[in-house]
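Enquirer: Have a look at the structure that comes next, please.
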Amino acid sequence: MVGYGFMGRTHSNAFRRVPNFFEVPYVVVLKAVCGRNRARAEAFQQTWGYESVETDWRRLVERKDIDVIDIASPNDTHAEVAIAAAQAGKAILCEKPLGRNGAESKTIVEAAEKASVPNMVWYNYRRVPAVTLAKELVSEGRLGRIFHYRAKFLQDWTISKDLPQGGEGLWRLDVRVAGSGVTGDLLAHCIDTAMWLNGAIDSVAAVTETFIKERKHNLTGKVEKVGIDDASAFLARFANGSLGNFEATRYARGHKALYILEINGENASIIWDLHDLHRLQYFDHRDEGRLRGWRSIHITDSDHPYMKHWWVPGLQIGYEHTFVHQAADFLRGLANGNVPGPSFRDGLATDYVTDAVLVAAKKDNWEKVNSAYSISRLTKETE
Ligand code: SOE
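Position 159, counted from 1, in the sequence shown is what my numbering calls 167; the numbers after and before it change by one each time, with no gaps.
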């Protein structure tokens, strides 16, 4: 395990829990956690039961007793570690986004494919049982032709202008480390799920904004220009002819992690909401007219994806279980030689979309509205 932050915890929890709930073909041994700060790494080792600690990822990657490298460190470390791990013949799991941009991710994909090592990106929301069920319903053709895909991911934790950028916990605000702001951090989730459910995205038109232009940098101590996007929205054309509408921000006061997606097809529609993650809203126009309406399906039954491994019908699971599901799928895939997605290639495809969003936003290709009749004038005329 490379990294001992938030994602190090979600992944470690997954590997500890997975053999308790899923029949997996390997014994998972937490061999080593690697982090620059030895004291922090040792504390993490104690909490999660790792056998040893490394403070240099190169040492970790060289170790002969390690088969799988899991990268849960900040985005600017992904490429270096993943490429070295591939060259050492390790299977690799990498936290999202795969790289800071498409060019960087491409080098990771090339290294992994050249070495033919199993690989996976932790786009965990694919494995919320309700989202996996949505995938099944779309694949079965129940929605018919798809017209619209809508998604948003809203947070509010960076609104204060006094919040510094950079360093532990705040590297997501430092463009050199993160690569981008909400586009690579939050929209990337929406894009991964969208392309999984609705196929490739062909083209985008976008707008981004950095509301707070300067912040103190935790590592240099100086006030520095903010290089990330605080908010990002884009319209998309999917290869299947449907239209997409995406938004992410860290400035939506009141929203902590509101990820919502909606798909409208000719026969049926689906809505899923992370705050109510165990429910899938489903409307089917082919239902008998008198009874037609939105169904709120409680995804807790044993015939729902992954649910037979947990409790009894009616009892819910949560966020951390999505990582357990991914760990289970990864281990089973390793054994049968077919690790399921999201692969590094899928991660690269998402990074190409986020690249396109950022380029489109920079082009600022806006059509000015005829301002002859402003709102105030219209109001006056109506009066
Ligand atoms: C950002 O706050 C963040 O932690 C993302 O980095 C995660 O990918 C997302 O799942 C929750 O929000």
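Glycine is no exception: its CB is placed at the ideal position from the N, C-alpha and C atoms.
(1) Judging by CA-CA distance, which residue of Asn127, Gly252, Ala138 and Ala357 is the nearest neighbour of Val212?
(2) Quick one: give me the first and last residue of the beta strand (DSSP E) that Tyr290 is part of.
(3) In three-state terms, what does DSSP make of Asn297?
(4) In chain order, which beta strand (DSSP E) runs of at least 3 residues are fully inside the region 212-294?
(5) Whose C-beta lies closer than 8 Å to the C-beta of Leu266 among residues of the same chain, with five residues either side of it excluded?
(6) Can you tell me whether Arg180 sits near ligand 1, meaning its C-beta is under 7 Å from at least one heavy atom of the ligand?
(7) Give me the Cα-Cα distance between Thr473 and Pro313, rounded to the nearest whole angstrom.
(8) In whole angstroms, what is the alpha-carbon distance linking Gly175 and Phe52?
(9) When you measure from the CB of Lys114 to every non-hydrogen atom of ligand 1, does any distance come out below 7 Å?
(10) Could you give the distance in angstroms between the alpha-carbon of Glu88 and the alpha-carbon of Ser168?
(11) Quick check: does the Cβ of Asp392 come within less than 7 Å of any heavy atom belonging to ligand 1?
(12) Let's test the definition: count the other Cβ atoms within 10 Å of the Cβ of Leu124 and tell me whether it reaches 16, buried, or not, exposed.
(13) How many angstroms separate the CA atom of His19 from the CA atom of Phe331?
(14) Do Ser188 and Gly355 come within 8 Å of each other at the CB atom, strictly closer than that value?
(15) What residues are listed by DSSP as bridge partners for Glu103?
(16) What is the DSSP secondary structure of Leu178, reduced to helix, strand or coil?
(17) Less than 7 Å separating the Cβ of Ala265 from some heavy atom of ligand 1?
(18) Which same chain residues, not among the five before or five after Trp165, have their C-beta less than 7 Å away from its C-beta?
(19) Below 6 Å CB to CB, which residues in the same chain sit around Glu391 once its five sequence neighbours on both sides are set aside?
(20) Glu274 and Gly152 look like a contact to me (Cβ under 8 Å); what is the Cβ gap, rounded to whole Å?
(21) Given a threshold of 16 other Cβ atoms within 10 Å of its Cβ, counted over all protein chains shown, does Gln54 qualify as buried or as exposed?
(22) Could you spell out the range, first to last residue, of the alpha helix (DSSP H) harbouring Tyr327?
(23) Quick one: measure Cβ to Cβ for Ile116 and Ile91, integer angstroms, because I've assumed they're closer than 8 Å.
(24) Would you say Ser147 and Leu195 are within 8 Å of each other, going by their C-beta atoms?
(25) Using a Cβ distance threshold of 8 Å, determine whether the region 290-301 contacts the region 98-107, with at least three qualifying pairs required.
(26) For Asp311, count the other beta carbons within 10 Å of its own beta carbon; 16 or more makes it buried, fewer makes it exposed. Which is it?
(27) With distances taken Cα to Cα, identify the nearest neighbour of Gly107 among Ala93, Val129 and Glu121.
(28) Does the beta-carbon of Leu364 have 16 or more other beta-carbons within 10 angstroms, so that it is buried, or is it exposed?
(29) So for Phe155, helix, strand or coil by DSSP?
(30) So is the beta-carbon of Gln163 under 7 Å away from any non-hydrogen atom of ligand 1?
(31) Per DSSP, which one or two residues make a beta bridge with Ala19?
(32) Could you check if Lys104 belongs to the surroundings of ligand 1, using beta carbon to heavy atom distance under 7 Å?
Expert: With the given structure in hand:
(1) Gly252
(2) Arg287 to Asp292
(3) For clarity, residue 297 is Gly in the given sequence; the question names Asn instead. Residue state, collapsed to three classes: helix.
(4) 222-224, 231-233, 239-246, 251-257, 266-273, 276-281 and 287-292
(5) Lys160, Phe161, Leu162, Gln163, Ala260, Asp281, Leu282 and His283
(6) yes
(7) Beyond the ends of the chain as shown, which are 9 and 391, falls residue 473; an answer cannot be given.
(8) 19 Å
(9) no
(10) 33 Å
(11) Absent from the structure is residue 392, since the part of the chain shown begins at 9 and ends at 391.
(12) Sequence inspection shows Ser at residue 124; the Leu mentioned does not correspond to that position. Burial call: exposed.
(13) 6 Å
(14) no
(15) Trp130
(16) coil
(17) yes
(18) Arg258
(19) In this predicted model, Glu391 has a pLDDT of only 48, less than 50, meaning its place in the structure is not dependable; the value taken from the coordinates is given anyway. The answer is none, since no qualifying residue turns up.
(20) 4 Å
(21) exposed
(22) Tyr327 to Asn344
(23) 6 Å
(24) no
(25) no
(26) exposed
(27) Val129
(28) Inspection of the sequence shows that residue 364 is occupied by Ala rather than by Leu. Flag for Ala364 reads buried.
(29) strand
(30) yes
(31) Before going further, note that residue 19 is His rather than Ala in the sequence given. Per DSSP, none; premise fails for His19.
(32) yes
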